[in-house]
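Each residue of the sequence shown is one higher than the one before, starting from 686 at the first, in the working numbering. We put the beta carbon where it would ideally sit given N, CA and C, even for glycine.
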Amino acid sequence: MEIEGLSIATREAGPAGAPAFLLLHGWPQSSYAFERVIGRLAADYRVVAPDLPCIGGSQGVPEAGDKRTLARLMRGVAETCGLRQLVAAGHDVGGQIVFALLSDHPEILSGAAIMDVVIPGVAPWEKVIRNPQIWHFAFHAIPALPETLVSGHQSAYFD
686 MEIEGLSIAT REAGPAGAPA FLLLHGWPQS SYAFERVIGR LAADYRVVAP DLPCIGGSQG
746 VPEAGDKRTL ARLMRGVAET CGLRQLVAAG HDVGGQIVFA LLSDHPEILS GAAIMDVVIP
806 GVAPWEKVIR NPQIWHFAFH AIPALPETLV SGHQSAYFD
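#1: In the stretch 733 to 769, which residue ranges form an unbroken alpha helix (DSSP H) of at least 4 residues, counting only runs that do not cross its ends?
#2: Is the stretch 811 to 830 close to the stretch 720 to 740, with three or more CB pairs under 8 Å?
#3: Taking C-alpha atoms, which residue in ARG696, ALA701, LEU708 lies nearest to ALA797?
#4: Just to confirm my understanding: we take GLU687, look at its own chain, exclude 5 residues before and 5 after, and list those with CB closer than 6 Å. What are they?
#5: If we ignore side chains and look at the alpha-carbon of each, how far apart do PRO791 and GLY780 end up?
#6: Near TRP810, what residues of its chain come up, given a Cβ to Cβ distance below 6 Å and the 5 sequence neighbours on each side ignored?
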């Protein structure tokens, strides 16, 4: 589907008009991470699991990569799929996007689940970002540096 000029790939299942779930994956995952969950929910719920921009089958680079921009795009996915009063569940960075949905677009939500992530600015964020074992938070926040250093060495980086 096209949202704000981006091609967003989705996995969709379940009856139209049923109570809805929007499942947002973490990094470095895609919507495939929810494949089993989708299968279990689809009998009773409408389930949509998009690939976040630049991941999996999604194409195009959003105007910004901040969580509020991504939340706005995911609201567009929900609207395009006809989801209303949905439960948004997010894992890892998907959880941060769900937090932004709760903040900026609460009118579309009937519930939310945020899994396996801390939220910037919310305790224990300050303690977590000082942990040297999660150096990648700061590394990925530097514009163009990760792409420059990892380009051509993706296998080594992810292994």
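A quick look at the data gives this:
#1: 752 to 765
#2: no
#3: LEU708
#4: none
#5: 15 Å
#6: VAL803
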